[in-house]
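The structure appears right after this line, and notes come after that.
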């Protein structure tokens, strides 16, 4: 551009003409404009940075919250699955050591230590376990559980002490006896049996039934006829028999 | 949109309530996560190490509930829980003696000699382990209504 006074060559950045030294009005305006635009630019830049900063802060926190929620849900699922996971681990161990385990179970059955057998199966999650190695014990689990529960209740029943034997124990006893006799009475029903399963099942359940009768005669004061009749009674008649015997024995005391 | 220009280094830190709320939520969730992790560990430990402690046996013994001691013993042995612990051996012996004695008495009355002999051996073995609680043998026999020979 040219100086308005001496027509010398100037640029917009020259505040004064390098030739005549007169002030350059266009440059002054230009400089003011540049200052203004720079100020606008910086304030816009600051605004954008500020907004972006807030956005990043919020985004990071939201992501952290989302991750924490997922971890908490995962932990809760794991907590609820602990029983299943441990059961899986114990069953895997039982499969690896199935010979040792079946030897223990056979020994308990031979010795008629049904309470130990029941606890062993329960602790190692072998009840209702669909496995080739433990198949022959499958149908025994429920009768043995009912039998051991009945004997456990009878241990208290036989003392004929109202302080140690309450209503709920009588209900528990009757539930166990009824559960056992239901399976005992159905023992010859037609079902699909693997080889050797049925023999073992019949042997054990008939032995348990015989022991139950003996226990009632030896320890609970039942007559042989009363004990022998138990398998043929209905649940209600069975309950009446036990309650009558209870009344009779507690009155004697 | 045009904000007042502030020299660098002197910008005021603005209080942002939304961000602070998120910080509080994060802290709460961290506490919940720690509690959940503790819960997971406790669940697994509980499942793996379930068994009865010595004080449970002592309580059952104090109230004369030998059948309960039998249940406790069977479970502890199944779970391999304090099986060889000296503190528990005598409690297990009491439970074994009670179990063996009612079996012996039962088979004696029913005439099953082979089973009676088997359980007599177990009874004798349990008796030898009673130690300090040797006196419990007589109490067990009395409880089962067995008259001393």
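Chains as they are written, first to last, in this note's numbering: chain A, 130 to 382; chain B, 410 to 558.
Beta carbons are placed, not taken as given, at the ideal position from N, Cα and C, and that holds for glycine.
In this structure, residue 298(A) and residue 315(A) do not form a Cβ contact; the two beta carbons are roughly 26 Å apart against a cut-off of 8 Å. Nearest Cα to residue 191(A) within the set 436(B), 471(B) and 519(B): 436(B).
Three or more pairs of CB atoms, one per stretch, sit closer than 8 Å, so the segment 483-490 of chain B contacts the segment 246-264 of chain A. At a cut-off of 7 Å between C-beta atoms, residue 471(B) does not count as an interface residue with respect to chain A.
A check of alpha carbon separations from residue 474(B) across 276(A), 283(A), 238(A) and 179(A) identifies 283(A) as the nearest. DSSP lists 145(A) as the beta-bridge partner residues of residue 152(A). Between the segment 451-462 of chain B and the segment 486-495 of chain B there are three or more inter-stretch CB-CB distances shorter than 8 Å, so the stretches are counted as touching. Against residue 518(B), the close residues of chain A are 343, 346 and 347, in the order they occur along the chain (beta-carbon pairs closer than 9 Å). Residue 231(A) carries a helical assignment under DSSP once its states are collapsed to helix, strand and coil. Here residue 343(A) is near residue 515(B), since their CB atoms are less than 7 Å apart. Listed as beta-bridge partners of residue 131(A) by DSSP are 138(A). If you draw a straight line from the Cα of residue 262(A) to the Cα of residue 236(A), it is about 16 Å long. For residue 544(B), no alpha helix (DSSP H) encloses it, and the DSSP letter there is neither H nor E. The DSSP-derived three-state label of residue 439(B) is helix. Only residues of its own chain outside the window of five on either side were considered, and among them 506, 509, 510 and 513 have a CB closer than 7 Å to the CB of residue 532(B), listed in chain order.
About 6 Å separates the beta carbons of residue 438(B) and residue 194(A), which is inside the 8 Å limit, making them a contact pair.
For the pair residue 356(A) and residue 542(B), the Cα-to-Cα distance works out to about 36 Å. Residue-level contact by beta carbon fails for residue 255(A) and chain B, as no gap is shorter than 7 Å. Of the candidates 155(A), 178(A), 182(A) and 308(A), the residue whose Cα lies closest to the Cα of residue 428(B) is 182(A).
Boundaries of the alpha helix (DSSP H) around residue 512(B): 495-519. In the structure shown, residue 523(B) adopts helical secondary structure according to DSSP, grouped into three states. Contact annotation, residue 230(A) with residue 302(A): C-beta distance approximately 31 Å; criterion of less than 8 Å not satisfied. Not flagged as an interface residue toward chain B: residue 163(A), since no C-beta distance is shorter than 7 Å. Look at residue 426(B) here: in three-state DSSP terms it is helix. Leaving aside the five residues that flank residue 280(A) on each side, the residues in its chain whose CB is nearer than 8 Å to its CB run, in chain order, 243, 244, 341 and 344. Cβ contact annotation for residue 528(B) (same chain, cutoff 6 Å, sequence separation greater than five): 509, 512 and 513, in chain order. The segment 230-287 of chain A contains, as complete alpha helix (DSSP H) runs of 4+ residues, the segments 243-252 and 270-286 (chain order).
Taken atom to atom, the span from the alpha-carbon of residue 294(A) to that of residue 375(A) is near 10 Å.
Judged by beta-carbon spacing, residue 161(A) lies beyond the 7 Å limit of residue 153(A), meaning their Cβ atoms are not closer than that value.
Contact annotation: residue 309(A) and residue 275(A) have beta-carbon atoms nearer than 7 Å. Under a criterion of Cβ atoms nearer than 7 Å, no residue of chain B is adjacent to residue 134(A); the nearest Cβ is some 36 Å distant. An exposed status is given to residue 157(A), since fewer than 16 other beta-carbon atoms sit within 10 Å of its beta-carbon. Here the alpha carbon of residue 379(A) sits roughly 46 Å from the alpha carbon of residue 219(A).
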